[in-house]
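Data block below; observations after.
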Amino acid sequence: DNNVLYVADQLSARLRQVSAAGAVSTHAGQCTAKGSTDGADGTALFTRPEGISAAADGTAYVAERYGCVVAEITAAGSKSTLAGKSPTSCVYALGAGAAAGFTVMYALEVHSTYVLVGCGERILKVQRSDGDSVVHGGRSTEGTLDGPLGTNKLKTARGFGIAADGTAFFTDGYDAVRKIALDGEMTTVAGNGFNVGGPSSDNVVGVHAGIPSPYGMAMDDNGYLFVVDSAHQLRLIAPDYVVTTLIAPGT
-4 DNNVLYVADQ
6 LSARLRQVSA
16 AGAVSTHAGQ
26 CTAKGSTDGA
36 DGTALFTRPE
46 GISAAADGTA
56 YVAERYGCVV
66 AEITAAGSKS
76 TLAGKSPTSC
86 VYALGAGAAA
96 GFTVMYALEV
106 HSTYVLVGCG
116 ERILKVQRSD
126 GDSVVHGGRS
136 TEGTLDGPLG
146 TNKLKTARGF
156 GIAADGTAFF
166 TDGYDAVRKI
176 ALDGEMTTVA
186 GNGFNVGGPS
196 SDNVVGVHAG
206 IPSPYGMAMD
216 DNGYLFVVDS
226 AHQLRLIAPD
236 YVVTTLIAPG
246 T
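Position one of the sequence shown corresponds to residue -4 (this note's numbering), numbered consecutively onward.
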C-alpha cells in the first residue's frame, strides 16, 4: 500500500517494510525474541512469519507457520490475532477467532472481506471481521482430485492470487496451478499434478504444461498469473492458461 512492500522475514521473526526508494525498516516484531505475542510499539512477537498480504488500507495479514495463528497488523504496526490461539492452536479446528486451530501454514492472501490461508492439505477462508474460519478447498488427506467442495483434494497451497470476482488461484505442491470458484469447485488450470519435480515445458496450454513444484504466485489486474517454480524460473500463465517462461537460469 502507498508504494510500500511488506516482507515476512522468517528467520529474524519480523515484518519488514521496503519503501519505493529501497529503504528497509521493521514494521513489527523483534529479531532478539520470538513468540506469538500481540502488541504495539515494538512489543509484538512472531514465530516464523511466512505468508503475508496487505489490504488496500495498509493492514497486513500474516500466517505464522509455527505460531499457528493468522495475525493482523495495522498500518501503524500494532499486531492482533485474527484467528488461532498460539501456542495451543497447532491442531486443526474450525471456528471463529480463538476457537480456530491451524496446522502448518505457508501461504496467505487477503481479499476485501476475508483472508485465504493454506493450512496443511486444506485452504481456509478466514473472515476479516471476526476471524471465522471455514474450509474453501481440500480435505484431511492430500491428493490431486478436482471437483466440488467436500470431495476435492490438494497437497499444499504455497501461493495465492485472487481475482476481483473472488475466484482464487493457487500453486499446489503437486506440480500444478489450480483454481477455486466461489462455490469451492476446484479445477487444475496448469501443470499435470503427477510428475512431481519433473521437467518444465513452454508455450503449451494448461495441464499439458510442466510446472515443477511451484511456490510463489502473484496476479495482475488483467488476470495474468506470475509463478515461481523450483527450477528457479518465473512462469507466466495467461488468462487462456497458456504457460510461458519469462525468466530462467542463464537468461
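For each residue, glycine too, the CB sits at the ideal point set by N, CA and C.
Buried or exposed (CB count within 10 angstroms, at least 16 for buried), residue i
i: V251; result: Here the chain covers residues -4 to 246 and nothing more, so residue 251 does not appear.
i: N(-2); result: exposed
i: Y219; result: exposed
i: V86; result: exposed
i: G142; result: exposed
i: D215; result: exposed
i: H203; result: exposed
i: T76; result: buried
i: T108; result: exposed
i: H227; result: exposed
Cβ distance (whole Å) where residue i is taken to contact residue j below 8 Å
i: A152; j: F164; result: Going by Cβ atoms, the distance from A152 to F164 rounds to 10 Å, so no, they are not a contact pair.
i: A58; j: E67; result: Not a contact, Cβ separation roughly 11 Å.
i: H65; j: A78; result: Per the sequence shown, the amino acid found at residue 65 is Val instead of His. At roughly 5 Å, the Cβ-Cβ gap stays under 8 Å, so V65 and A78 are in contact.
i: A8; j: T42; result: 7 Å
i: I257; j: H106; result: Past the boundaries of the shown model lies residue 257; the chain is included only from -4 to 246, so the question cannot be answered.
i: A185; j: Y236; result: 6 Å
Residue i to residue j span [Cα, whole Å]
i: R123; j: A243; result: 37 Å
i: R230; j: T240; result: 4 Å
i: C114; j: I175; result: 15 Å
i: L301; j: G138; result: Within the shown structure, residues of the chain are numbered from -4 to 246, placing residue 301 beyond reach of any answer.
i: E104; j: N187; result: 24 Å
i: T146; j: A71; result: 42 Å
i: N198; j: A233; result: 10 Å
i: D127; j: E116; result: 19 Å
i: D224; j: V238; result: 12 Å
i: D178; j: S73; result: 34 Å
i: S208; j: D170; result: 5 Å
i: G62; j: G30; result: 7 Å
i: G90; j: I118; result: 14 Å
i: H22; j: T162; result: 30 Å
i: A88; j: A16; result: 42 Å
Exercise for review: Let me know the beta strand (DSSP E) ranges lying completely inside the stretch 93 to 163, each 3 residues or longer, listed in chain order.
Suggested key: 100 to 105, 109 to 114, 117 to 122, 128 to 133, 152 to 157
For the stretch 90 to 101 and the stretch 19 to 39, state whether three or more C-beta atom pairs, one from each stretch, are separated by less than 8 Å.
The answer is no - the stretch 19 to 39 does not touch the stretch 90 to 101, with fewer than three Cβ pairs under 8 Å.
What ranges does the beta strand (DSSP E) occupy inside the stretch 204 to 234, keeping only unbroken runs of at least 3 residues that lie completely in it?
212 to 214, 220 to 223, 229 to 232
Mind pulling the beta strand (DSSP E) runs of 3 or more residues that sit fully within the stretch 7 to 89? 9 to 13, 19 to 24, 44 to 49, 55 to 59, 65 to 68, 74 to 78
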